[in-house]
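Single-structure report; data block below.
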Amino acid sequence: MNKPILKLQNISYSYHSLSGEVPALSNISFYVNQGEFLAVVGPSGCGKSTLLSLIARLLEPESGTISFQNPDGSLNYPGIGYMLQHDHLLEWRTIFRNITLGLEIQHKMTPENLAYAEHLLDEYGLKKFKNKHPGELSGGMRQRAALIRTLVLNPDILLLDEPFSALDYQTRLSVSDDIGNIIRTTGKTAILITHDLSEAISLADRIIVLSDRPAVVIRDLPIRLTTHDHTPLGARSAPEFRYYFNLLWKELSHEK
Numbered sequence: 119m120n121k122p123i124l125k126l127q128n129i130s131y132s133y134h135s136l137s138g139e140v141p142a143l144s145n146i147s148f149y150v151n152q153g154e155f156l157a158v159v160g161p162s163g164c165g166k167s168t169l170l171s172l173i174a175r176l177l178e179p180e181s182g183t184i185s186f187q188n189p190d191g192s193l194n195y196p197g198i199g200y201m202l203q204h205d206h207l208l209e210w211r212t213i214f215r216n217i218t219l220g221l222e223i224q225h226k227m228t229p230e231n232l233a234y235a236e237h238l239l240d241e242y243g244l245k246k247f248k249n250k251h252p253g254e255l256s257g258g259m260r261q262r263a264a265l266i267r268t269l270v271l272n273p274d275i276l277l278l279d280e281p282f283s284a285l286d287y288q289t290r291l292s293v294s295d296d297i298g299n300i301i302r303t304t305g306k307t308a309i310l311i312t313h314d315l316s317e318a319i320s321l322a323d324r325i326i327v328l329s330d331r332p333a334v335v336i337r338d339l340p341i342r343l344t345t346h347d348h349t350p351l352g353a354r355s356a357p358e359f360r361y362y363f364n365l366l367w368k369e370l371s372h373e374k
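First residue of the sequence shown: 119, per our numbering; consecutive thereafter.
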């Protein structure tokens, strides 16, 4: 594994309203390696999505630092790709025009970038749907389109905020398998927020476990599965899978 690309050190954050202050995160510290797939789990409402918003610079921490070390040694803030729970595809735009929306906004509609968009559509089975509209696609296909829209900007880090939660269980398994393989094939660094422990174990290289609010890190758990089938679906048959599931279940049960 490469050196850390992202470090969070003693990050704290609170929400403020007329009724008072609500602490969300308290002294959160962890790192993410270049090319690593990190999952973050914790009780509902503990601040997992807030954590992603801080990394994406949509919010500023009240204390602590978030720092980056890019592969070339520079300290420039990396490109962030953010994939949300819902695909947020625009119904009046075709799939191709949806996935190139970010390129259009950033004035990057170059022949090279458009060719890359075409390549991603072909690679992940959506080429023949490029001129369809979102309403003509299944939920799983829409999520693949949303991921391509994120990847086409070539981000350094992918932030995934429960991207499969709106799908039915069977589709969720299939799409998480596809998207997990896409991320690994492209070698992207990814941080996944999920409530699904099986999903976290089958996708992640390492899992950060947060406590109830105000959240602190209660475990940093490397995942080592022995299996010939390294897909997320195949990982669920690994002999260590049940051990990790029970361990995480006990950790989170103590937080209720």
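The C-beta atom is built at its ideal place from N, Cα and C for all residues, glycine as well.
For residue j and residue i, the rounded distance between their alpha carbons
i: serine 181; j: methionine 227; result: 39 Å
i: glycine 160; j: leucine 177; result: 20 Å
i: tyrosine 149; j: arginine 211; result: 38 Å
i: isoleucine 325; j: serine 162; result: 16 Å
i: glutamate 241; j: histidine 372; result: 43 Å
i: glycine 243; j: aspartate 296; result: 11 Å
i: leucine 370; j: isoleucine 319; result: 14 Å
i: histidine 251; j: isoleucine 213; result: 6 Å
i: methionine 259; j: leucine 207; result: 11 Å
i: glycine 305; j: glutamate 358; result: 25 Å
i: lysine 248; j: glycine 257; result: 15 Å
i: glycine 352; j: leucine 366; result: 20 Å
i: leucine 291; j: threonine 183; result: 36 Å
Residue i, buried or exposed, once every other Cβ within 10 Å from all chains shown has been counted against 16
i: alanine 356; result: buried
i: lysine 254; result: One detail in the question is off: residue 254 reads as glutamate in this sequence, not lysine. Its Cβ having fewer than 16 others within 10 Å, glutamate 254 is exposed.
i: leucine 136; result: exposed
i: aspartate 279; result: buried
i: glutamate 230; result: exposed
i: lysine 246; result: exposed
i: glutamate 209; result: exposed
i: glutamine 261; result: buried
i: aspartate 338; result: exposed
i: threonine 344; result: exposed
i: isoleucine 111; result: Examination of residue 111 is not possible in this model, given that the chain is present from 119 through 374 alone.
i: proline 340; result: exposed
i: arginine 342; result: exposed
Cutoff 7 Å; reference residue i; Cβ partners in own chain excluding five residues on either side
i: glutamate 294; result: The residue asked about is misnamed: residue 294 is serine in this sequence, not glutamate. Answer for serine 294: Phe282, Glu317, Leu321 and Pro350, listed in chain order.
i: leucine 238; result: Ile266, Leu269 and Val270
i: tyrosine 133; result: Val140 and Ala142
i: lysine 125; result: Tyr149 and Ser185
Chain-order list of residues whose beta-carbon lies under 8 Å from that of residue i (same chain, five-residue window excluded)
i: glycine 165; result: Tyr131, Ala142, Leu143, Leu328, Arg331, Pro332 and Ala333
i: alanine 174; result: Ile198, Tyr200 and Leu277
i: isoleucine 217; result: Ala235, Leu238, Leu239, Ala263, Ile266, Arg267 and Val270
Same chain, Cβ closer than 6 Å to residue i, neighbours up to 5 away in sequence not counted
i: glycine 220; result: Leu271
Contact belief for residue i with residue j at Cβ below 8 Å, rounded distance in angstroms
i: threonine 307; j: glycine 153; result: 6 Å
i: aspartate 274; j: leucine 156; result: Not confirmed; about 14 Å, so no contact.
i: isoleucine 311; j: serine 167; result: 6 Å
Would you call the region 121-133 and the region 142-154 touching, i.e. three or more CB-CB distances under 8 Å?
Touching, yes, given that three or more Cβ pairs across the two stretches are closer than 8 Å.
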